[in-house]
Amino acid sequence: WTRSVMLTFAFILLLLGTSQARGKSVESYDFVKQSTNFSLNFYRHSFSPDENAIQSPVSIQATLSLLYHVASNSTAGEMQAILGLPAAKKKPIPSLVEFLNSTGGSDSVLRMVSKVYHSPEDLNPKFLPLLQDSYRVEVEKADFKQKQKVADSVNRWVKSSTNGLIPDLITASDLKDNDRLILLNAITLDAKWEHPFPKSSARKPFHFVDGDHDVDIMSMDEEVLCGNLGDLNLLELPYESETDLSMLFVMPKNGSLHDFVDQLTLEFYERLNGALKLEYGTVEIPKFSINSKVKAKDVLQSMGLGSAFEVKAFKVFARKPAQLSELRQKAVINVFETGTTAAAVTGKCVWDESVGDG
Numbered sequence: 006w007t008r009s010v011m012l013t014f015a016f017i018l019l020l021l022g023t024s025q026a027r028g029k030s031v032e033s034y035d036f037v038k039q040s041t042n043f044s045l046n047f048y049r050h051s052f053s054p055d056e057n058a059i060q061s062p063v064s065i066q067a068t069l070s071l072l073y074h075v076a077s078n079s080t081a082g083e084m085q086a087i088l089g090l091p092a093a094k095k096k097p098i099p100s101l102v103e104f105l106n107s108t109g110g111s112d113s114v115l116r117m118v119s120k121v122y123h124s125p126e127d128l129n130p131k132f133l134p135l136l137q138d139s140y141r142v143e144v145e146k147a148d149f150k151q152k153q154k155v156a157d158s159v160n161r162w163v164k165s166s167t168n169g170l171i172p173d174l175i176t177a178s179d180l181k182d183n184d185r186l187i188l189l190n191a192i193t194l195d196a197k198w199e200h201p202f203p204k205s206s207a208r209k210p211f212h213f214v215d216g217d218h219d220v221d222i223m224s225m226d227e228e229v230l231c232g233n234l235g236d237l238n239l240l241e242l243p244y245e246s247e248t249d250l251s252m253l254f255v256m257p258k259n260g261s262l263h264d265f266v267d268q269l270t271l272e273f274y275e276r277l278n279g280a281l282k283l284e285y286g287t288v289e290i291p292k293f294s295i296n297s298k299v300k301a302k303d304v305l306q307s308m309g310l311g312s313a314f315e316v317k318a319f320k321v322f323a324r325k326p327a328q329l330s331e332l333r334q335k336a337v338i339n340v341f342e343t344g345t346t347a348a349a350v351t352g353k354c355v356w357d358e359s360v361g362d363g
């Protein structure tokens, strides 16, 4: 058989499937399961049939989880329900700690790092040790009155932490007069296929949301995991065996992608994985690059996490309440014959509520 696929780009950075938990601890499995559930929920709320999108909800989840420890009771309740967090918010989240430890190395195929820039005023004394000791977050003081200097420093960190795939996240004009803290998270992937595609110059029409375009098509004959579930054709391509990572491709046979997204829950995702079986055949996928931006604030509010953007949501600072003012993400992916490179960076600005809105 020949299996050509339309990629559902949402799956690319959803931790690339629950297969990453195979052979790992209970904490690691729990984090992957919670992250997959949040990611699917986030994608359903953010999906637009008018654009190809690459996003990393797990980066958003990890960043929000850091603020959970200093959230007000009402905000913490929403975060616990939506992010799948434990009730004990005063203690480090074991599953997140283990995940960050396993992805923090400079040689990791899947790597996640975080950084906080904050004004000279003191952070909540209960917050700082959690950031630095439990979650290995780099913390740096910054003068937010010097907006250009702060923006330049943030963008240097973004470029370095994404292996140059994302050169910047903010401009000086993005910073408001009452911004006092920026929380950043970057996740990167640099993985090789377990079965690389041979070099090819073949070009064929490929269906994108804005119509058909001729693209470079990669083709190989190989035994791969594939299957069918209802109106969907499925294909999973593994990366090198030591990574436990894979990419899942989904192609609706007759229905629209929107119909597929509507039923995309954790239970349905597990059914997709359960429908896969090994078969030998010809596999064709496009060689492509995609980058996109996500206004995560609007999506999270539609999911029920509105209180995080209201007054007195967090006790980030030692003496003043704070709230989230902005939450954005940039992401990029490149899929080619030998593997995949991808990155996403999430940035959150925190307001000092004692200063008038700038």
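In terms of the numbering used here, the sequence shown is numbered consecutively and its last residue is 363. Glycine included, each C-beta is placed from N, C-alpha and C at the ideal position.
Residue i versus residue j: straight-line alpha-carbon distance, rounded
{"i": "E56", "j": "V299", "result": "12 Å"}
{"i": "K58", "j": "F314", "result": "One detail in the question is off: residue 58 reads as Ala in this sequence, not Lys. Approximately 25 Å, taken between the alpha carbons."}
{"i": "Y364", "j": "R116", "result": "Residue 364 cannot be examined here, being either before or after the span of the chain that is shown, 6 to 363."}
{"i": "V63", "j": "S44", "result": "6 Å"}
{"i": "G235", "j": "R185", "result": "50 Å"}
{"i": "Q66", "j": "P257", "result": "28 Å"}
{"i": "A26", "j": "S100", "result": "The pLDDT assigned to A26 is 41, lower than 50, so where the model puts this residue is not dependable, and the model offers no usable value."}
{"i": "K96", "j": "R208", "result": "54 Å"}
{"i": "N106", "j": "S119", "result": "12 Å"}
{"i": "S246", "j": "H200", "result": "10 Å"}
{"i": "E227", "j": "S139", "result": "43 Å"}
{"i": "A323", "j": "L136", "result": "15 Å"}
{"i": "A191", "j": "A177", "result": "20 Å"}
{"i": "F273", "j": "D148", "result": "48 Å"}
{"i": "R141", "j": "F47", "result": "26 Å"}
{"i": "F104", "j": "L250", "result": "14 Å"}
{"i": "W198", "j": "L230", "result": "14 Å"}
{"i": "L72", "j": "K94", "result": "10 Å"}
{"i": "D157", "j": "Q151", "result": "10 Å"}
{"i": "D112", "j": "S312", "result": "38 Å"}
{"i": "N183", "j": "L332", "result": "15 Å"}
Proximity below 9 Å, CB of residue i to CB of residue j
{"i": "L188", "j": "K292", "result": "no"}
{"i": "Q39", "j": "A349", "result": "no"}
{"i": "H123", "j": "V321", "result": "yes"}
{"i": "A196", "j": "T345", "result": "yes"}
{"i": "L269", "j": "L239", "result": "no"}
{"i": "S330", "j": "V288", "result": "no"}
{"i": "K146", "j": "W356", "result": "no"}
{"i": "P210", "j": "D221", "result": "no"}
{"i": "E126", "j": "K325", "result": "yes"}
{"i": "N296", "j": "A336", "result": "yes"}
{"i": "F202", "j": "I290", "result": "yes"}
{"i": "K77", "j": "F319", "result": "Before going further, note that residue 77 is Ser rather than Lys in the sequence given. Yes, Cβ-Cβ distance for S77 and F319 is below 9 Å."}
{"i": "L262", "j": "M252", "result": "no"}
{"i": "V144", "j": "V163", "result": "no"}
{"i": "A347", "j": "T193", "result": "yes"}
{"i": "S206", "j": "E342", "result": "no"}
Burial state of residue i (16 or more Cβ within 10 Å)
{"i": "V255", "result": "buried"}
{"i": "L283", "result": "exposed"}
{"i": "A301", "result": "buried"}
{"i": "G169", "result": "exposed"}
{"i": "N129", "result": "buried"}
{"i": "G28", "result": "Low per-residue confidence applies at G28: pLDDT is 44, beneath 50, and the placement is therefore not dependable, though the value from the model is reported in the following sentence. Answer is exposed; the Cβ neighbour count stays below 16."}
{"i": "E154", "result": "For the sequence presented, residue 154 should be read as Lys rather than Glu. The residue in question, K154, is exposed, as its Cβ has fewer than 16 Cβ neighbours within 10 Å."}
{"i": "S307", "result": "exposed"}
{"i": "Q328", "result": "buried"}
{"i": "T68", "result": "buried"}
{"i": "T3", "result": "Absent from the model: residue 3. The displayed extent of the chain is 6 to 363, so no value can be given."}
{"i": "S53", "result": "exposed"}
Contact set for residue i: own chain, Cβ-Cβ below 7 Å, skip 5 residues either direction
{"i": "N42", "result": "G89, L271"}
{"i": "A92", "result": "Q85"}
{"i": "F132", "result": "H74, V75, V321"}
{"i": "G232", "result": "L239, A280, L281, K282"}
{"i": "I98", "result": "S70, L90, P91"}
{"i": "V304", "result": "F47, H50, S51"}
{"i": "T364", "result": "Because the chain spans 6 through 363 in this model, residue 364 falls outside it and cannot be assessed."}
Contacts around residue i, its chain only, beta-carbon distance under 6 Å, and the 5 residues preceding and following it disregarded
{"i": "V340", "result": "F293"}
{"i": "L310", "result": "E83, I87"}
{"i": "T351", "result": "S64, I65, T68, N190, Q334"}
{"i": "Y285", "result": "E228"}
Cβ shell of residue i (< 8 Å), same chain only, five flanking positions each side left out
{"i": "P134", "result": "none"}
{"i": "N160", "result": "P172, D173, L174, I175"}
{"i": "L237", "result": "V255, M256, P257, K258, F265, L277"}
{"i": "D219", "result": "R208, K209, P210, F211"}
Heavy atom of the ligand HEM within 8 Å of residue i beta-carbon
{"i": "T345", "result": "With respect to the ligand HEM, the structure shown offers nothing to examine, as it has no ligands at all."}
C-beta neighbour in chain B for residue i, strict 9 Å
{"i": "S307", "result": "Considering every chain present, this structure includes no chain B. It has just one protein chain."}
Self-check item: Those runs of the beta strand (DSSP E) which lie wholly inside the segment 314-344 and span at least 3 residues
Solution: Here the runs fully enclosed are 327-340.
Practice problem: With a floor of 4 residues, list each alpha helix (DSSP H) that falls wholly inside the segment 74-135, ordered by position along the chain. | Solution: Fully enclosed alpha helix (DSSP H) runs of 4 or longer: 78-88, 99-107.
Practice problem: Please list the segments of the alpha helix (DSSP H) lying wholly inside the segment 242-303, counting only runs of 4 or more residues, in order along the chain. | Solution: Within the segment 242-303, the complete alpha helix (DSSP H) runs of at least 4 residues fall at 262-267, 271-279.
Practice problem: Output the residue ranges of the alpha helix (DSSP H) runs that lie fully inside the segment 149-196 and measure 4 residues or longer, sorted by chain position. | Solution: If we require 4 residues or more, the alpha helix (DSSP H) runs fully inside the segment 149-196 come out as 152-166.
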